[in-house]
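Residues 12 to 229, numbered by the numbering used here, are exactly what the sequence shown covers, in order.
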Amino acid sequence: MKSIESLNKKIASCKKCPRLAEYIRDVAKNKVRRFKDEKYYGKPLSGFGDVNAKLLIVGLAPAAHGGNRTGRMFTGDSSGDWVAKIMHRHGFASIPTSQTENDGLVLYNAYITAAVRCAPPQNKPTRDEMDNCFGFLQQEKEILKNVTTVLCLGKIAYDATCKLFSVKPEKFGHNKLFEYDAIKILTSYHPSKQNTQTGRLTWKQWSEVFSKAKRLVK
């Protein structure tokens with residue numbers, strides 16, 4: 012791929028996974044009540060951010076009524092709120108909110124992507140679906156030449172990142188740093204509601220991860 016723009020067009024037109032393609036279409040058509048007047052994006056999502064970034068943030072997949080609705084990763088849902096607020100606080104984002112694709116959010120020295128580009132039912136992609144998406148992550152890696160640190164949000168993101176850099180996965184946990192010759196891999200629990208509302212991931216823990224990420228990419 013010569014550019015991120017051409018890759019993003021390829022991602023948006025992907026239909027490799029019939030189950031996911033059908034699911035995101037159905038979600039976009041049969042909207043939840045609170046978004047009944049909105050037009051959903053309903054297509055596979057590309058990453059976004061600074062193509063010269065040193066920090067790459069890898070999530071699991073778009074949320075059915077977040078990114079799948081708004082057309083941008085970590086946008087329009089509670090996980091996006093946590094990501095934007097902490098990134099703004101640590102100098103990675105221009106504003107502390109992420110509500111719509113055209114809200115003016117700009118990332119500095121950071122690029123956000125995901126292991127899977129379509130919202131999966133129950134947030135559980137199959138192995139084949141993850142494998143189908145892996146090529147997009149590889150192509151992003153080739154384009155994002157300045158990346159020195161990857162922040163993985165959740166175990167699926169961590170496993171995909173280890174595969175991407177051909178390193179053996181270690182035991183996953185929150186705020187762990189694994190350093191290799193080619194890359195530094197930092198891990199965090201995903202800022203999903205099931206983690207943030209249960210106290211598994213606290214704001215203090217979340218901030219500590221981004222403080223470390225900022226030091227790593229200075």
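Beta carbons: idealized from backbone N, C-alpha and C, even for Gly. The model shown is predicted, which means the values in this text are computed figures rather than measured ones.
Closest to residue i by CA distance: which of the options is it?
{"i": "E112", "options": "L175, T160 and A95", "result": "A95"}
{"i": "T160", "options": "Q150, P131, C144 and I123", "result": "I123"}
{"i": "I196", "options": "F59, K204 and V158", "result": "V158"}
{"i": "W93", "options": "I15, K223 and Q216", "result": "Q216"}
{"i": "A74", "options": "S14, L56 and G60", "result": "L56"}
{"i": "G87", "options": "I68, P107 and R100", "result": "P107"}
From the DSSP secondary-structure annotation, give me the bridge partner or partners of residue i.
{"i": "G60", "result": "Y122"}
{"i": "S199", "result": "L164"}
Can you say whether residue i is buried or exposed, counting buried as having 16 or more other CB atoms within 10 angstroms of its CB?
{"i": "K54", "result": "buried"}
{"i": "L162", "result": "buried"}
Need the endpoints of the beta strand (DSSP E) that residue i sits in, please.
{"i": "V161", "result": "T160 to L164"}
Would you kindly work out how many angstroms separate the C-alpha atoms of residue i and residue j, rounded to a whole number?
{"i": "F46", "j": "I35", "result": "15 Å"}
{"i": "N206", "j": "K182", "result": "19 Å"}
{"i": "D192", "j": "F176", "result": "10 Å"}
{"i": "R83", "j": "V62", "result": "16 Å"}
{"i": "C231", "j": "L155", "result": "This structure gives no information on residue 231, because the portion of the chain shown stretches from 12 to 229."}
{"i": "S199", "j": "R226", "result": "16 Å"}
{"i": "D139", "j": "A126", "result": "12 Å"}
Starting from residue i, trace the alpha helix (DSSP H) both ways and give me its first and last residue.
{"i": "V94", "result": "S89 to R100"}
{"i": "G70", "result": "Segment L66 to G70 is the beta strand (DSSP E) holding G70; no alpha helix (DSSP H) there."}
{"i": "K40", "result": "P29 to K40"}
{"i": "I194", "result": "First-last for I194: undefined, no H or E at that position."}
{"i": "I154", "result": "R138 to I154"}
{"i": "A23", "result": "I15 to A23"}
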